[in-house]
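Report on the following structure.
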Amino acid sequence: MSLTSPAAQPAAASGSRRSHAGLLQAWLPKLVLAPSVAISLLFVYGFMLWTFILSLTNSRMLPSYEFVGFGQYARLMANDRWWVASTNLVLFGGLFVAICLVLGLLLAILLDQRIRQEGALRTVYLYPMALSFIVTGVVWKWLLNPGLGVQAMVRGWGFENFRFDWITDPDMAVYTLVIAAVWQASGFVMALFLAGLRGIDDSIVKAAQLDGASLPRIYWRVVIPCLRPVVFSAVMILSHIAIKSFDLVVALTGGGPGYASDLPATFMYAHAFTRAQIGLGSASAMLMLGGVLAILIPYLYSELRNRRHG
Amino acid sequence: MADPIRRRTLGARLARAVLYTVLLLAALFYLLPLAVMLITSLKPLAEITPGTLLSLPREPTLAPWAKAWGEACTGMRCEGVGVYFFNSIAIVVPAVLVSTIVGALNGYALTKWRFKGSELLFALMLFGCFIPFQVVLLPMAQTLGWLGLSSSRAGLILVHVIFGIAFTTLFFRNFYVAVPTELVSAAKLDGAGFFRIFWRILLPVSAPIVVVTVIWQFTQIWNDFLFGVAFSAHDTQPVTVALNNLVNTSTGVREYNVDMAAAMIAALPTLIVYVLAGKYFVRGLTAGSVKG
Numbered sequence: 002m003s004l005t006s007p008a009a010q011p012a013a014a015s016g017s018r019r020s021h022a023g024l025l026q027a028w029l030p031k032l033v034l035a036p037s038v039a040i041s042l043l044f045v046y047g048f049m050l051w052t053f054i055l056s057l058t059n060s061r062m063l064p065s066y067e068f069v070g071f072g073q074y075a076r077l078m079a080n081d082r083w084w085v086a087s088t089n090l091v092l093f094g095g096l097f098v099a100i101c102l103v104l105g106l107l108l109a110i111l112l113d114q115r116i117r118q119e120g121a122l123r124t125v126y127l128y129p130m131a132l133s134f135i136v137t138g139v140v141w142k143w144l145l146n147p148g149l150g151v152q153a154m155v156r157g158w159g160f161e162n163f164r165f166d167w168i169t170d171p172d173m174a175v176y177t178l179v180i181a182a183v184w185q186a187s188g189f190v191m192a193l194f195l196a197g198l199r200g201i202d203d204s205i206v207k208a209a210q211l212d213g214a215s216l217p218r219i220y221w222r223v224v225i226p227c228l229r230p231v232v233f234s235a236v237m238i239l240s241h242i243a244i245k246s247f248d249l250v251v252a253l254t255g256g257g258p259g260y261a262s263d264l265p266a267t268f269m270y271a272h273a274f275t276r277a278q279i280g281l282g283s284a285s286a287m288l289m290l291g292g293v294l295a296i297l298i299p300y301l302y303s304e305l306r307n308r309r310h311g
Numbered sequence: 007m008a009d010p011i012r013r014r015t016l017g018a019r020l021a022r023a024v025l026y027t028v029l030l031l032a033a034l035f036y037l038l039p040l041a042v043m044l045i046t047s048l049k050p051l052a053e054i055t056p057g058t059l060l061s062l063p064r065e066p067t068l069a070p071w072a073k074a075w076g077e078a079c080t081g082m083r084c085e086g087v088g089v090y091f092f093n094s095i096a097i098v099v100p101a102v103l104v105s106t107i108v109g110a111l112n113g114y115a116l117t118k119w120r121f122k123g124s125e126l127l128f129a130l131m132l133f134g135c136f137i138p139f140q141v142v143l144l145p146m147a148q149t150l151g152w153l154g155l156s157s158s159r160a161g162l163i164l165v166h167v168i169f170g171i172a173f174t175t176l177f178f179r180n181f182y183v184a185v186p187t188e189l190v191s192a193a194k195l196d197g198a199g200f201f202r203i204f205w206r207i208l209l210p211v212s213a214p215i216v217v218v219t220v221i222w223q224f225t226q227i228w229n230d231f232l233f234g235v236a237f238s239a240h241d242t243q244p245v246t247v248a249l250n251n252l253v254n255t256s257t258g259v260r261e262y263n264v265d266m267a268a269a270m271i272a273a274l275p276t277l278i279v280y281v282l283a284g285k286y287f288v289r290g291l292t293a294g295s296v297k298g
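Protein chains in written order, with the working numbering: chain A, 2 to 311; chain B, 7 to 298.
Set out below in structure tokens:
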């Protein structure tokens, strides 16, 4: 054989090996993704469908597959406790989102004034977000305990008639959820807004200053409108937290007094897991999903539109 | 001439003072519950009387912590939350590891090996970040039963991995999208394979996103209550479930100091992570939510 062959042979061999390997390489990314996609199809989409099917049956203690159409949804609509839970969600969610936004924006603007120890303050504002809602609930239950908590403390200062017993008051219990949830999440909203503020082009603000606009006016007319995307995301995240709120209710009020501070998430759990009403629980879970989609779809729609225009 | 300037600085100083006061009051609002929790957990029961919420313990004691850890009743059993603390660790560690590794590989495949339909697959998986988990609880309970994993730690690990992948994939995908593709293309031309490129090119620059993802997953899974309460039994409960049981167990005198000590124990791991790596924690929160 000539001199060229030893060099040529390995080259040819590696060439064919490369095409085999190439075929494998072309499939590897898909193989790597396949389990996750399968999991997603099965455990997210499949389970959603399964829950929907359960919501059409008369399942009680165990899943049964006797279909009753939309009977469970009709029962849900006629269920007083479900209406209490839904109304509470609107009240709780609305207040929680609104207060978090106002407080978060205010703190972010104040922190953005070249504050000494800004890092330390930020850390303090945000740490509740690292806690479990169960811990938050346990602590606030203690603080809101009329006999030993804040009410007793303020009375001890001499204000004998001070009343702060919302947690035992059926009309007010839902607002204690707002207090604890705001405490937990408002620092996070502050962080979102602060990041937004730091991202605003200084020249816009400087131009407004040169025009002689006052500081509050600059914020109201120039800075806050720039934060619209942040407000949008914050509303979306917060309402998502509100709809999913389960642990906080369990730990803080237990849904009580009675079921006065129930939310759909606790309603669902109670009916599906402890009251042997799987059909009804499934129907309520589907309505919760509907609530999330009602917020998510407009959000995704506008995100995609912005991306296309941007 | 000097007067308006001085008045302005005076006004500015006043404004600064008001600013700092408001900020400190806000800090107080956030710190108060933690302070009360800590103070109460160090008090003997006799010192817990109406109106003493903020007073420091006169005779500080660690007895409530010891009781919360090893003796307090959580439902029927009286062995404290210590056992459940270790349950949580046994659930969190594997679940975080597996979901992070899977997320990293997914994010890598989705950005550096794009193929027809890969964006669609990503969108498909992303939806898992948004569903209220109530909608999968009942089928999951049944499936765990079929798999023989009902009320087991392995079952909880599986659930956390399954529903964590959407988040970890999102994190890594958004991070790898910003990593320049030129190096990867060059390596592909040189014949480097899928895993080799990942190992040599992507992984060395992944430290920040790995930290963000691990912290996010750790916090999520440690703090989880819904899956824990739905899919665990007495001896496999995570610490959040045990804490809730402890607080709601009504036998005799309510020992608020023990409740608070147990709450501190359940809160400490995530608090410590937050204090040590707050920057990454915030990044995870914003990456997970804003970009989602």
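Virtual Cβ for every residue (Gly too), placed ideally from N, Cα, C.
On a predicted model such as this, the values are computed, not experimentally measured, just so you know.
Neighbourhood of alanine 74 of chain B by C-beta, 7 Å cutoff - its chain only, sequence neighbours within 5 removed: On the second sequence, residue 74 of chain B is found 68 positions in, with the first residue counted as 1. Excluding five sequence positions before and after alanine 74 of chain B, the CB atoms of its chain that fall closer than 7 Å to its own CB belong to Gly86, Val87, Val264, Ala267, Ala268, Ile271, given in chain order.
Same chain, Cβ closer than 8 Å to leucine 20 of chain B, five either side skipped, listed in chain order: Position 14 of the second sequence, counting from 1, holds the residue named residue 20 of chain B. None.
The stretch 96-111 of chain A touching the stretch 131-150 of chain A, judged by at least three CB pairs closer than 8 Å: Because the criterion of three Cβ pairs below 8 Å is not met, the stretch 96-111 of chain A and the stretch 131-150 of chain A do not touch.
Sub-8 Å separation of phenylalanine 93 of chain A and valine 179 of chain A beta-carbons: Taking the first sequence and counting its residues from 1, the one referred to as residue 93 of chain A is at position 92. Taking the first sequence and counting its residues from 1, the one referred to as residue 179 of chain A is at position 178. Their beta carbons are under 8 Å apart, which means phenylalanine 93 of chain A touches valine 179 of chain A by this criterion.
is_contact[proline 317 of chain A, chain B] using C-beta, thresh 8 Å: Lying outside 2 to 311, the shown extent of chain A, residue 317 of chain A is not represented and no answer is given.
Cβ-based neighbour list, leucine 68 of chain B, same chain, cut-off 8 Å, excluding 5 preceding and 5 following: Position 62 of the second sequence holds residue 68 of chain B. Answer for leucine 68 of chain B: Leu48, listed in chain order.
Given phenylalanine 181 of chain B as reference, the closest of B:Lys118, B:Val42, B:Gln226, B:Thr80 once Cα atoms are compared: Your numbering for residue 181 of chain B matches position 175 in the second sequence. Just measuring C-alpha positions, the residue of B:Lys118, B:Val42, B:Gln226, B:Thr80 sitting nearest phenylalanine 181 of chain B is B:Lys118.
Phenylalanine 97 of chain A vs alanine 252 of chain A beta-carbon contact at 8 Å: The residue you call residue 97 of chain A lines up with position 96 of the first sequence. The residue you call residue 252 of chain A lines up with position 251 of the first sequence. With respect to alanine 252 of chain A, phenylalanine 97 of chain A sits apart: the two C-beta atoms are not nearer than 8 Å.
Min CB distance valine 250 of chain A to chain B below 8 Å: As a position in the first sequence, residue 250 of chain A is number 249, starting the count at 1. By this cut-off, valine 250 of chain A is not an interface position.
Contact set for alanine 277 of chain A: own chain, Cβ-Cβ below 7 Å, skip 5 residues either direction: Counted from its first residue, the first sequence places residue 277 of chain A at position 276. Non-local C-beta neighbours of alanine 277 of chain A in its own chain, meaning closer than 7 Å and more than five positions away in sequence, comprise Arg61, Met62, ordered along the chain.
Own chain partners of glycine 76 of chain B with C-beta closer than 6 Å, once the 5 adjacent residues on each side are dropped: Counted from its first residue, the second sequence places residue 76 of chain B at position 70. Taken in chain order, the residues that qualify are Gly86, Gly88.
Alanine 72 of chain B versus glycine 291 of chain A: straight-line alpha-carbon distance, rounded: Sequence index remark: in the second sequence, residue 72 of chain B carries index 66 (1-based). Sequence index remark: in the first sequence, residue 291 of chain A carries index 290 (1-based). Looking at the two C-alpha atoms, the distance is approximately 46 Å.
CB of alanine 78 of chain B within 8 Å of CB of leucine 252 of chain B, strictly: Residue 78 of chain B sits at position 72 when you count from the first residue of the second sequence. Residue 252 of chain B sits at position 246 when you count from the first residue of the second sequence. Cβ distance < 8 Å, so alanine 78 of chain B and leucine 252 of chain B count as in contact.
Inter-residue CB distance, alanine 213 of chain B and tyrosine 126 of chain A (contact presumed, cutoff 8 Å): As a working note, residue 213 of chain B is residue 207 in the second sequence. As a working note, residue 126 of chain A is residue 125 in the first sequence. With 8 Å as the limit, alanine 213 of chain B and tyrosine 126 of chain A do not qualify as a contact, their Cβ atoms being about 27 Å apart.
7 Å Cβ shell around alanine 295 of chain A - same chain, five flanking residues per side excluded: Start at 1 with the first residue of the first sequence, and residue 295 of chain A comes out as number 294. If you ignore the 5 residues before and after alanine 295 of chain A, its C-beta comes within less than 7 Å of no other C-beta in its own chain.
Any 3 or more C-beta pairs closer than 8 Å across the stretch 266-276 of chain A and the stretch 208-218 of chain A: Put simply, the stretch 266-276 of chain A does not touch the stretch 208-218 of chain A. Fewer than three CB pairs are less than 8 Å apart.
Nearest residue (CA-CA) to isoleucine 205 of chain A, options A:Cys227, A:Gln26, A:Gly188: Here residue 205 of chain A refers to the residue found at position 204 of the first sequence. Minimum Cα distance to isoleucine 205 of chain A is reached at A:Cys227.
Coil, strand or helix - valine 279 of chain B by DSSP: The residue given as residue 279 of chain B occupies position 273 in the second sequence. Looking at valine 279 of chain B - three-state DSSP - the assignment turns out to be helix.
Selection of the stretch 52-72 of chain B by Cβ proximity to chain A, strictly under 7 Å: Of all residues in the stretch 52-72 of chain B, Ile54, Pro56, Gly57, Leu59, Leu60 have a Cβ within less than 7 Å of some Cβ in chain A.
Presumed contact (8 Å Cβ cut-off) between alanine 286 of chain A and threonine 52 of chain A, rounded CB distance: Locating residue 286 of chain A in the first sequence gives position 285, counting from the first residue. Locating residue 52 of chain A in the first sequence gives position 51, counting from the first residue. The pair is a contact, with the Cβ atoms about 5 Å apart (cut-off 8 Å).
For phenylalanine 178 of chain B and alanine 153 of chain A, the rounded distance between their alpha carbons: Numbered from 1 along the first sequence, position 152 holds the residue referred to as residue 153 of chain A. Numbered from 1 along the second sequence, position 172 holds the residue referred to as residue 178 of chain B. Cα-Cα distance, rounded: 50 Å.
Buried versus exposed call for valine 42 of chain B [16 or more other C-beta atoms within 10 Å across all chains shown]: Here residue 42 of chain B refers to the residue found at position 36 of the second sequence. Around the CB of valine 42 of chain B, 16 or more other CB atoms lie within 10 Å, so the residue is classed as buried.
Contacts that leucine 127 of chain A makes with chain B (C-beta to C-beta distance below 9 Å): To locate residue 127 of chain A, count along the first sequence from 1; it is residue 126. Within 9 Å Cβ-Cβ: Tyr36, Tyr280, Gly284, Phe287, Val288, Leu291.
Residues from the stretch 78-112 of chain A in contact with chain B, defined by Cβ distance under 9 Å: Those residues of the stretch 78-112 of chain A that come within reach of chain B (Cβ to Cβ, closer than 9 Å) are Leu104, Leu107, Leu108, Leu111, Leu112.
Where phenylalanine 231 of chain B falls: helix, strand or coil (DSSP): Indexing the second sequence from 1 puts residue 231 of chain B at position 225. The answer is coil: DSSP assigns phenylalanine 231 of chain B none of H, G, I, E or B.
Within 9 Å of chain B by C-beta, residues of the stretch 265-292 of chain A in sequence order: For the stretch 265-292 of chain A, which is checked against every Cβ of chain B, the residues closer than 9 Å are Pro265, Ala266, Met269, Tyr270, Ala273, Phe274, Ile279, Gly282, Ser283, Ser285, Ala286, Met287, Met289, Leu290, Gly292.
Partner residues on chain A for tryptophan 119 of chain B, Cβ-Cβ distance less than 8 Å: In the second sequence, counting from the first residue as 1, residue 119 of chain B sits at position 113. Under the 8 Å cutoff, chain A gives Leu29, Pro30.
Closer than 9 Å at the beta carbon, the chain A residues around methionine 82 of chain B: The residue labelled residue 82 of chain B in the question sits at position 76 within the second sequence. Those do not exist, as methionine 82 of chain B stays about 17 Å from chain A at its closest Cβ, beyond 9 Å.
Beta-bridge pairing of arginine 83 of chain B - partner residues as DSSP gives them: As a working note, residue 83 of chain B is residue 77 in the second sequence. Partner(s): B:Thr80.
Distance between beta carbons of valine 217 of chain B and glycine 234 of chain B, contact taken as under 8 Å: As a working mapping, residue 234 of chain B is identified with position 228 in the second sequence. As a working mapping, residue 217 of chain B is identified with position 211 in the second sequence. Between glycine 234 of chain B and valine 217 of chain B, the beta carbon gap of about 25 Å keeps them out of contact (Cβ cut-off 8 Å).
Assigned exposure category for aspartate 196 of chain B - 16 Cβ within 10 Å defines buried: The residue given as residue 196 of chain B occupies position 190 in the second sequence. Per the 10 Å Cβ criterion, exposed.
Amino acids of chain B, ordered along the chain, whose beta-carbon sits closer than 9 Å to that of methionine 62 of chain A: If you number the first sequence from 1, residue 62 of chain A lands on position 61. Neighbours of methionine 62 of chain A in chain B, taken as residues at a C-beta separation under 9 Å, are lacking, since the least C-beta distance is about 12 Å.
Contacts of alanine 33 of chain B in chain A (Cβ-Cβ under 9 Å): Reading the second sequence from its first residue, position 27 is the one you call residue 33 of chain B. Identification of chain A residues near alanine 33 of chain B by a Cβ-Cβ cut-off of 9 Å yields Ala121, Leu122, Val125, Tyr126, ordered along the chain.
Option in A:Ile40, A:His272, A:Ala192, A:Gln185 with minimal Cα separation from alanine 236 of chain B: The count along the second sequence starts at 1 and reaches residue 236 of chain B at position 230. Considering only alpha carbons, the answer is A:His272.
Chain-ordered neighbours of serine 41 of chain A on chain B, where CB pairs are closer than 8 Å: What you label residue 41 of chain A is simply residue 40 of the first sequence in a count that begins at 1. Neighbourhood of serine 41 of chain A in chain B, by CB distance below 8 Å: Leu130, Met131, Phe133, Gly134, Ile171, Ala172, in chain order.
Check whether methionine 131 of chain B and serine 37 of chain A have beta carbons under 8 Å apart: Looking up residue 131 of chain B in the second sequence gives position 125. Looking up residue 37 of chain A in the first sequence gives position 36. A distance below 8 Å separates the beta carbons of methionine 131 of chain B and serine 37 of chain A.
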